[in-house]
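> Sharing a structure below in structure tokens format, with a few things to ask.
2 protein chains.
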Amino acid sequence: MLSRKDLFKDTLRKAAHAWKRIIELRLSEEEAHMLRSYVDQPAFTDLHWGMFIPAIKGQGTEEQHEKWLPMAYKMQIIGCYAQTELGHGSNVQGLETTATFDPQTDEFVIHSPTLTSSKWWPGGLGKVSTHAVVYARLITGAQDHGVHGFIVQLRSLDDHSPLPGITVGDIGMKFGSGAYNSMDNGLLRFDHVRIPRNQMLMRVSQVTREGKFVQSDVPRQLVYGTMVYVRQTIVSDASCALARAVCIATRYSAVRRQFGSQNGGPETQVIDYKTQQSRLFPLLASAYAFRFVGEWLKWLYADVTQRLQANDFSTLPEAHACTAGLKSMTTSVTADAIEECRKLCGGHGYLSNSGLPELFAVYIPTCTYEGDNVVLLLQVARFLMKTVSQLGSGKKPVGTTAYMGRAEHLMQCRCEVERAEDWLKPSVILEAFEARAFRMSIACAKNLSKFSNPEDGFSELSPDLLEAAIAHCQLIVVSKYIEKLQQDIPGKGVKRQLEILCNVYALHLLHKHLGDFVTTSCITPKQGALANQQLRLLYSQVRPNAITLVDAFNYTDHYLGSVLGCYNGNVYQRLYEEAWKDPLNDTVVPDGYLEYVWPILKQHIRTARL
Amino acid sequence: MLSRKDLFKDTLRKAAHAWKRIIELRLSEEEAHMLRSYVDQPAFTDLHWGMFIPAIKGQGTEEQHEKWLPMAYKMQIIGCYAQTELGHGSNVQGLETTATFDPQTDEFVIHSPTLTSSKWWPGGLGKVSTHAVVYARLITGAQDHGVHGFIVQLRSLDDHSPLPGITVGDIGMKFGSGAYNSMDNGLLRFDHVRIPRNQMLMRVSQVTREGKFVQSDVPRQLVYGTMVYVRQTIVSDASCALARAVCIATRYSAVRRQFGSQNGGPETQVIDYKTQQSRLFPLLASAYAFRFVGEWLKWLYADVTQRLQANDFSTLPEAHACTAGLKSMTTSVTADAIEECRKLCGGHGYLSNSGLPELFAVYIPTCTYEGDNVVLLLQVARFLMKTVSQLGSGKKPVGTTAYMGRAEHLMQCRCEVERAEDWLKPSVILEAFEARAFRMSIACAKNLSKFSNPEDGFSELSPDLLEAAIAHCQLIVVSKYIEKLQQDIPGKGVKRQLEILCNVYALHLLHKHLGDFVTTSCITPKQGALANQQLRLLYSQVRPNAITLVDAFNYTDHYLGSVLGCYNGNVYQRLYEEAWKDPLNDTVVPDGYLEYVWPILKQHIRTARL
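Below you can see the structure in the form of structure tokens.
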């Protein structure tokens, strides 16, 4: 309920307080990260620690590390990551800001040649950052060497005023009332700003004193390693956000009763309606599924890192495609699921204190940043087409595409389900998902081959390619969930519940994408109907443990921030108490009554001064 | 960017100003309604004119009309519609507020016996209304006669303070930063508040001086007539809201360029990507489709009204089911579509000045009010099951269910599509949608018959029943669009464009619900693939006229309220100018810098006073 200015000031206060505690408690970097994440509000510190420092670490030389990192670690400088521009987001290679080398002074001249080259969106840029890693086209002589990173000071360390040649400000209000409005996403223009040559991040490429552009032998693939890392954390975060929304909707569905009173008894709990279950329980299952695939991605990142250190790049393209796809799929599903959970809370879900509107508003940018979700899926599709094209060549597909090595089997296999309970077998589910994903990829490849220009074909068929990529990503999540269940899982009966959820996850996807499965002849319409029948039985099995399954996420009421989702279920009392806290209730007669309501009621409106 | 209090005061100001103009210009009721709707912000006047007055008109006696309507028309009193309670929304019969007749004083005692009986949500109640139509359980003697409406004064006409026994206030912040926060959705509790007997709305039922409950011979079905009217306006509004979002996304997609630059030329317009087209053009087609079905609903309402006047209730159940279904389907699709349009605008869609976040926030309650969308679809499903069960009885299905009369044909027909262009024939599309809807209903009926208790069956199969209801509603929209195209349509080439959109609308639904069509054997997988192929060709045909098709909605830039959707396409300049208007940009150094940022930078955080 704060105005933009007050909200922003409050965010600065929280960030300062968090930093004070981090220092006082001598927290490790990881502990500090957790403390900040529990402040649970976007702030400039996210970019300083999450983007500015990693960019210098990843792209800077040893020398640059020594100069900049100690200051950054102590926050003597505060940095942001100035990549996207007004005119360019996804297409990084199209950025327009220029960094022209001036051999006379041994400097780069950073400049914004057009309106659309204005830096736009970087968090922390608008009002706080003293420095930025700025991405700009490197120009030496008359030659354009593409986009590189440069460390640029933006504001005076004395009085925080922008340095000469720099225009900087906030880009304005965003979705929601809180959400990212606590962040100073900024705009930035350069008017021939000069920086020393040694502020270009020079780990991979260098410009010499003479203005010669040189590339070192550091493998460029290292960049992919970082991407795998960042996207893996996004998948974990998706699971957390989804779990939070599902926890609220599930608890409230157990408290809320509507219709179905018999003989004056209580009405039916909303969670007992099959319509509610069929929308809610697949989301609950997805929260667990994303958690497990997130855990597996952590392993994948460790594996990739180890291989990189041994100069083994063989699994990198597959790992990159896999994390791109999972980032896209899990965040898209989570964004929609948060809104679906809000709807599942009925009218009261529309109240801010349900926690769901702001959870939605703060979550949805995840679908755009670190790779637009559609662009990422197209990358996955491209990788799948490449994998398919190499199938005959003896090059064996690896990792999450290994199933494509069993091409003949997957093209011929027929689902053997005869009774609904046959759908409970993990091997049956896995084969259906593998066959569907594979056949969709093959169908795309076949249609692509009809085009004389493959790029035209890729563009024309891109909607189908997206669907094939999604089928592949869903298969990954299903298969990793099944693998998880093959391990020991502590706690009596826990494994059984997780098995039920795994089946819910797979079968709800099968029902949702029934057209895919049936038209590729992976299953028959009859088998589809049996799957749907089994799904309904599974919902009944989830029901008794639904509350426990969300309690297991272990969110405190404070962190959950939802009146509807509170642990003790005392929803109505809390709704009533919260209402009175609205500023509109400060006075019985509202501000504006005398000027604007009284003249209407008393028929004085013609003479009222409005 | 206003605080809640300032936003609310501003809304009062606009409402007063609108009322002043309405009086000065002597506007008719319809013109006044239009003026208010163009203020384009939820306000207490919506409820006064849209619910309070209609409730008195519809449920009051002549005598009550004479007493209350003149005051209400002059706004000497301002009213709201106090139906929903903290504990009850959809289940109106479960309301807990009581109105107990006291024969001693000839009064009703209005009382809130429980916390959950608190009135909750009524717009205009929180801070403004002087009166309310309150729905409460009528109790005479010891008998409960169910829920009835009562006119209750809430606030003093002298100083606006709540009358004795009345607790009233605002329920707090809602989704978004503007949206419904301009409305004083309220809470209300009664502590034995007494009103004269003649303030019960007595058109349909009466309580005599002796406390006897009497029902007049006014047909109860009249209520349905009003519901048909209200829901018809909601469908029209859905089309408007959807058109607004689509207009923004389409225009911006033509301005935005990303990737695909060849030889240094401009990059590709985003609207030229098939992935963008496959998401955007079906929404454009839906906006037109909903407009035409909305126009048809206007006719339906006129027809129903005429029949009611002649005491012909025969078409009422079908008309009621049809409008319930269309309200549900069009509002659900529109809510999702607004968010999809936001995503189609990429990162910049997340900015408030794109217009899309607030359009979403202000639209989504439509899915809940005037009947929760899931509850409504279940009503449709119930009607469909009843219609199916009567098929053998000789009772012919009427109106939008008339197709069910051709049961034998619809169960046997096979789609004759052999080439992609066969899918352009309206008769082919219509038959496929009819057969699919009918077979899904029949399948549900068959599965229902396996349950010994039909209510258990209905409850267990409700997810399938929802899908059958949706298939039926989609058929209605498709068929009304096709009917529209059989009429004369002025303007050279306009009809051709509308035909293309009609095919896009139908074929994108067919692709989305491919599982339905194939598993019911309405079409073969091959025919599904041909439909998808035809759909891609249609997108290419929509493309050249896409901008014209959204310009045709004829929204002014002012009404559209979107930087991204402005008519002249000067998007980047406007984004840049708008940014500077944010309050955070009032000062170069932000408020809070000295207290919270400077101490961090200067390593004084340990001693800072936070």
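Keeping their order, the protein sequence lines are chains A and B.
All residue numbers for the first sequence refer to this note's numbering, where the first residue is 678 and numbers rise by one.
All residue numbers for the second sequence refer to this note's numbering, where the first residue is 678 and numbers rise by one.
Every residue gets a Cβ at the ideal spot worked out from N, C-alpha and C, and that includes glycine.
Treat the numbers as computed from the prediction; the structure is a model and nothing was measured.
Could you pull out every residue in the same chain whose Cβ sits closer than 6 angstroms to the Cβ of Phe852 (chain A), ignoring the five residues on either side in sequence?
Result list for Phe852 (chain A): Ala1038, in chain order.
> Does the beta carbon of His1334 (chain A) sit closer than 8 angstroms to a beta carbon anywhere in chain B?
Here chain A covers residues 678 to 1287 and nothing more, so residue 1334 (chain A) does not appear.
> Quick one: grab the DSSP three-state call for Leu1212 (chain A).
Here Leu1212 (chain A) sits in helix by DSSP.
> Can you give the beta carbon distance from Asp1259 (chain A) to Gly849 (chain B), rounded, assuming they're within the 8 angstroms contact cut?
The Cβ separation is near 4 angstroms, so the contact holds.
> Taking Cβ positions, are Asp1268 (chain B) and Lys686 (chain A) nearer each other than 8 angstroms?
In this structure, Lys686 (chain A) lies closer than 8 angstroms to Asp1268 (chain B) by Cβ.
> Taking the Cβ atom as the reference point for each residue, do Ala962 (chain A) and Leu977 (chain A) lie within a distance shorter than 8 angstroms?
No, the Cβ-Cβ distance between Ala962 (chain A) and Leu977 (chain A) is not below 8 angstroms.
> For Trp1257 (chain A), which three-state DSSP category applies?
Of the three classes helix, strand and coil, the one that applies to Trp1257 (chain A) here is coil, per DSSP.
> Find the nearest neighbour of Val968 (chain B) within the set B:Ala918, B:Glu784 and B:Ser938, judged by alpha-carbon distance.
In the sequence on display, residue 968 (chain B) carries Arg and not Val. With distances taken between Cα atoms, Arg968 (chain B) lies closest to B:Ala918.
> Evaluate the contact criterion for the stretch 767-778 of chain B versus the stretch 691-708 of chain B: three or more CB pairs, one atom per stretch, below 8 angstroms.
Contact between the stretch 767-778 of chain B and the stretch 691-708 of chain B is absent, because fewer than three Cβ pairs lie under 8 angstroms.
> Under 8 angstroms, CB to CB, which of the residues in the stretch 766-795 of chain A have a partner in chain B?
Of all residues in the stretch 766-795 of chain A, Gly766, Ser767, Asn768, Gly771, Leu792, Thr793 and Ser795 have a Cβ within less than 8 angstroms of some Cβ in chain B.
> For the stretch 846-880 of chain B, list every residue whose C-beta sits within 7 angstroms of some C-beta in chain A, in sequence order.
Cβ contacts with chain A come from Gly846, Asp847, Ile848, Gly849, Met850, Lys851, Phe852, Gly853, Ser854, Asp861 and Leu864.
> If contact is defined by three or more beta carbon pairs under 8 angstroms, each pair taking one atom from either stretch, is the stretch 1028-1038 of chain B in contact with the stretch 834-847 of chain B?
The stretch 834-847 of chain B is not in contact with the stretch 1028-1038 of chain B.
> Would you kindly work out how many angstroms separate the C-alpha atoms of Arg1213 (chain B) and Leu1143 (chain A), rounded to a whole number?
Taking the straight line joining both Cα atoms gives about 14 angstroms.
> I want to verify the contact list: residues of chain B whose CB lies under 8 angstroms from the CB of Val1288 (chain A), in sequence order.
The question about residue 1288 (chain A) has no answer, for chain A in this structure spans 678 to 1287.
> Check the Cβ of Met678 (chain B) against every Cβ in chain A and list those closer than 8 angstroms, keeping chain order.
Going along chain A in sequence order, the residues near Met678 (chain B) (Cβ under 8 angstroms) are Ser680, Arg681 and Met850.
> Chain A beta carbons: is any one of them nearer than 8 angstroms to that of Trp696 (chain B)?
By this cut-off, Trp696 (chain B) is an interface position.
> Determine the DSSP secondary structure at Gly863 (chain A), reduced to helix, strand or coil.
The answer is strand: DSSP assigns Gly863 (chain A) an E or B state.
> Would you mind reading off the limits of the beta strand (DSSP E) that contains Gln892 (chain B)?
Looking at the DSSP string, the run of the beta strand (DSSP E) that includes Gln892 (chain B) is Phe890 to Gln892.
> Report the option in A:Leu724, A:Ile1277, A:Lys1072 and A:Val1266 whose CA atom is closest to the CA atom of Asp836 (chain B).
If we check each option's Cα against that of Asp836 (chain B), A:Val1266 comes out closest.
> So is Met752 (chain B) in contact with chain A if we call contact Cβ pairs under 8 angstroms?
It does; some Cβ of chain A falls within 8 angstroms.
> If you measure between the beta carbons of Asp861 (chain A) and Gly803 (chain A), is that distance less than 8 angstroms?
Yes, the pair counts as a contact, with Cβ atoms nearer than the cut-off.
> Give a yes or no on whether 8 angstroms exceeds the smallest Cβ distance from Ser1136 (chain B) to chain A.
So yes, Ser1136 (chain B) belongs to the interface.
> Run through chain B and tell me which residues come within less than 7 angstroms of Glu1255 (chain A), C-beta to C-beta.
What Glu1255 (chain A) touches in chain B: Gly849.
> Can we say the stretch 782-789 of chain B touches the stretch 721-733 of chain B, given the rule of at least three CB pairs closer than 8 angstroms?
Contact between the stretch 782-789 of chain B and the stretch 721-733 of chain B is absent, because fewer than three Cβ pairs lie under 8 angstroms.
> Would you call the stretch 878-890 of chain B and the stretch 803-819 of chain B in contact, with 3 or more CB pairs under 8 angstroms?
Enough Cβ pairs lie closer than 8 angstroms, so yes.
> Go through its chain and collect everything with a Cβ distance to Tyr857 (chain B)'s Cβ below 7 angstroms, but skip five positions before and after it.
Once the five neighbours on either side are set aside, the close Cβ partners of Tyr857 (chain B) are Pro719, Lys851, Val1039 and Pro1042.
> For Ala759 (chain A), report the span of its alpha helix (DSSP H) as first-last.
That residue, Ala759 (chain A), is in no alpha helix (DSSP H); its beta strand (DSSP E) goes Gly756 to Ala759.
> Got a sec? Which residues, its chain only, sit under 7 angstroms from Thr1064 (chain B) by beta carbon, not counting five neighbours each side?
Same-chain partners within the cutoff: Pro1074, Thr1078 and Met1081.
> Rounded to whole angstroms, what's the CA-CA distance from Phe936 (chain B) to Gly942 (chain B)? Just pull it up for me.
Near 11 angstroms, if we compare the C-alpha coordinates of Gly942 (chain B) and Phe936 (chain B).
> If we ignore side chains and look at the alpha-carbon of each, how far apart do Lys1279 (chain B) and Gln986 (chain A) end up?
Answer to the nearest angstrom: the Cα atoms are 39 angstroms apart.
> Note down the Cα distance separating Val1094 (chain B) from Val1155 (chain A), rounded to an integer number of angstroms.
One C-alpha to the other measures close to 36 angstroms.
> Establish whether the CB of Asn1262 (chain A) and some CB of chain B are separated by less than 8 angstroms.
True, the Cβ-Cβ gap to chain B drops below 8 angstroms.
> Go through its chain and collect everything with a Cβ distance to Glu1176 (chain B)'s Cβ below 7 angstroms, but skip five positions before and after it.
Within the same chain, Glu1176 (chain B) has close Cβ partners Leu1162.
> Mind pulling the chain A residues with CB within less than 9 angstroms of Tyr1040 (chain B)?
In chain order: nothing, as chain A lies at least about 11 angstroms away.
> Based on the DSSP output, what are the partners of Trp797 (chain A) in its beta bridges?
In the DSSP output, where bridge partners are listed per residue, Trp797 (chain A) has A:Leu864.
> Is the shortest distance between the beta-carbon of Val1266 (chain B) and the beta-carbons of chain A less than 8 angstroms?
Interface residue, yes.
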